[in-house]
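Okay, so here's the structure we're looking at.
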Amino acid sequence: MKWFRKASSSSVPLWQDEFPVFTADERYVNRRQFTKFLTLTSFAMLAGNLWILVRSLFHRSPSYPRQHVAAADELAVGGVKVFAYPTAQDPCILVRTGSDSYVAYSQKCTHLSCAVYYAKEQNRLECPCHQGFFSVADGSVLQGPPQRALPRVTLERKGGQLLAVRMEGEGA
Amino acid sequence: MNTNPPQNRGLTAIDGAMALIVLLLIVQIWLLSATLESYLAGHREAAVPGAIISGILFGACLGLYLFVDRIDSEVRKG
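The listed protein sequences derive, respectively, from chains B and U. One point on numbering: in this note's numbering, the residue at position 141 of the first sequence is 125, and numbering is uninterrupted. If you count the second sequence from 1, you need to add 111 to reach this note's numbering.
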């Protein structure tokens, strides 16, 4: 492992260079090896950032199906309904926040994917696992370990029916 | 007059460079986690500056490693 070292700077064999006899020389080897490890870790961080860059450059917006969620008068004010959108593996929660207002979010907490529920008294979405709280108005984080807002389901009202048409704030 | 032997002076320089690398690495780890959070939240515009800054930090780490490598070979052989 003689990266970057000039071949002419050392006339001793590689094994002798890496495993010195004297303790004082060994201190240098240890520090050099550790510095090499830190530099490789730095390269791994760069690789992670480049991976995110490639993913974002080649990202294509998924097409979301239009899906019936509930009838408009199905829920009382403060009532909730759990449904799956856009696939059967994506639980979402619909909340009727007023006589004519509805919101829907992904039910997976953005911290560790526990299911969030609607706390009517506090008027917020709560994750019971680590006490992460989200605003019911826009899904933003109010408190706790989550760093990201809940992905929002865009709803459309067609007659007396509520339809889910797409997701917002979902990166991956 | 500096009475510190060359061996110790070399070690001091290497320790300083290592401390700097550790600091840069902490910044780079924070940058990666912040970029990832931002990407997962759907803000893809943070990916380009994140990658550029991470590249600069890696370049600085690589430069410091080359410095350590040079000091190491100079002092031990010389």
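Where is the CB? At the ideal position from N, CA and C, for every residue including glycine.
Hey, how far is the Cα of residue i from the Cα of residue j?
{"i": "B/Gly128", "j": "B/Gln106", "result": "15 Å"}
{"i": "B/Cys93", "j": "U/Thr146", "result": "19 Å"}
{"i": "B/Gly144", "j": "B/Ala54", "result": "9 Å"}
{"i": "B/Met151", "j": "B/Leu34", "result": "26 Å"}
{"i": "B/Arg50", "j": "B/Val149", "result": "5 Å"}
Who does residue i pair with in a DSSP beta bridge?
{"i": "B/Ala148", "result": "B/Gln51, B/Leu139"}
{"i": "B/Gln127", "result": "B/Phe117"}
{"i": "B/Glu110", "result": "B/Tyr101, B/Phe117"}
{"i": "B/Ser85", "result": "B/Gly82"}
{"i": "B/Ser90", "result": "B/Cys76"}
{"i": "B/Val66", "result": "B/Ile77"}
Are the CB atoms of residue j and residue i within a distance shorter than 8 Å?
{"i": "U/Ile167", "j": "U/Leu142", "result": "no"}
{"i": "B/Arg15", "j": "U/Ile132", "result": "no"}
{"i": "B/Val125", "j": "B/Ala133", "result": "yes"}
{"i": "U/Ala158", "j": "B/Ile36", "result": "yes"}
{"i": "B/Thr25", "j": "U/Leu136", "result": "yes"}
{"i": "B/Leu167", "j": "B/Phe67", "result": "The structure shown does not extend to residue 167 of chain B, since chain B spans only -15 to 156, so no value can be given for it."}
{"i": "B/Gly153", "j": "B/Arg136", "result": "yes"}
Along the chain, where does the alpha helix (DSSP H) containing residue i start, and where does it finish?
{"i": "B/Val120", "result": "Looking at the DSSP string, B/Val120 is not in any alpha helix (DSSP H), and its letter there is neither H nor E."}
{"i": "B/Arg39", "result": "7 to 41"}
{"i": "U/Lys188", "result": "158 to 188"}
{"i": "B/Leu(-2)", "result": "-2 to 2"}
Pick from the options: whose alpha carbon is nearest that of residue i?
{"i": "B/Leu147", "options": "B/Phe18, B/Val38, B/Ala88", "result": "B/Ala88"}
{"i": "B/Phe117", "options": "B/Gln91, B/Lys142, B/Arg150", "result": "B/Gln91"}
{"i": "B/Lys65", "options": "B/Gln17, B/Cys76, B/Ala72", "result": "B/Cys76"}
Start and end of the beta strand (DSSP E) containing residue i?
{"i": "B/Arg80", "result": "75 to 82"}
{"i": "B/Ala60", "result": "First-last for B/Ala60: undefined, no H or E at that position."}
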